[in-house]
Amino acid sequence: MTGTKTSKKKAPGKSPALRNSTRKTAGPNVKKTPSARGPLAADRVAAILKALDEAYPDAVCALHHRTPWELLVATILSAQCTDVRVNMVTPELFRRFPTPEAMAKATLPELEALIKTTGFFRNKAKSIQGAARKIIADFGGKVPETLAELTTIPGAARKTANVVLGVCFGKAEGVVVDTHVFRIARRLELAKGDTPQKVEQELMQVLPPDHWIRFSHQVIHHGRKVCIARNPKCNVCNLEPLCRSKDKTWQS
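For the sequence shown, the residue numbers in UniProt numbering are 1 to 252.
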């Protein structure tokens, strides 16, 4: 017996337009939260900056000073020393030697005795006196206002120059990267560099220039109060939802 073949017709498929129309899409009022695990997108950076603005709206430089000269000296002294300690030393230092001219005439033993508690006091005494003499000789006794000029001054590397430019002259030519900024930028994965110089260059790529100055002030405050080196206080951190390191155990 010979049978006859019957053909089965396939049910008509959905057209591409119909298939697309049935896909689930987010409604117009659904807002996406920047992911802590997603790429370093502009919205995530903006969310981090907003959180810092909310937590530290009035963050400023913690080093006490009245003039660009005083801030330059205080910043040189702050290397490997806390701002609190520097602020204990500078009132008497500036009472005795208030100007570059006065400090240029001081003896090294006089300067060393006044700044001894800041650590590395012999090198720092040479630096601040060298800075005074350089400013007198090359800049008419006034602290210069450019990065190129500031970094020719003894003891004034790029970080010190960025501090003086940002705080005293409102010029953002870079991002101040101290130990707190270095640590937190890497924890947030805003940067991955293994040196302050590399981290600064990465931050300059991802942060809007109008945030460069206050970002450093805010992160320094955050690093002292919340995101400390050992056992950071993630449970009270307003950056925790955006942090890519919140589940890690930090020992240093």
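Backbone N, C-alpha and C define an ideal beta-carbon position, used for all residues, glycine too.
Straight-line measurement puts the Cα of residue 104 at about 6 Å from the Cα of residue 133.
Assignment of residue 213 by DSSP, reduced to helix, strand and coil, places it in the helix class. Here the alpha carbon of residue 129 sits roughly 23 Å from the alpha carbon of residue 166. In the structure shown, the three-state DSSP call for residue 97 is coil.
For residue 109, the three-state secondary structure derived from DSSP is helix.
With respect to residue 126, residue 154 sits close: the two C-beta atoms are nearer than 9 Å. The beta carbon of residue 239 sits closer than 6 Å to those of 51, all from its chain and outside the five residues before and after it, given in chain order.
Secondary structure note for residue 242: it is in no alpha helix (DSSP H), with a DSSP letter that is neither H nor E. The residue among 149, 181, 168 and 179 with its C-alpha nearest the C-alpha of residue 71 is 168. Residue environment analysis places residue 95 among the exposed positions, since fewer than 16 neighbouring C-beta atoms fall within 10 angstroms of its C-beta.
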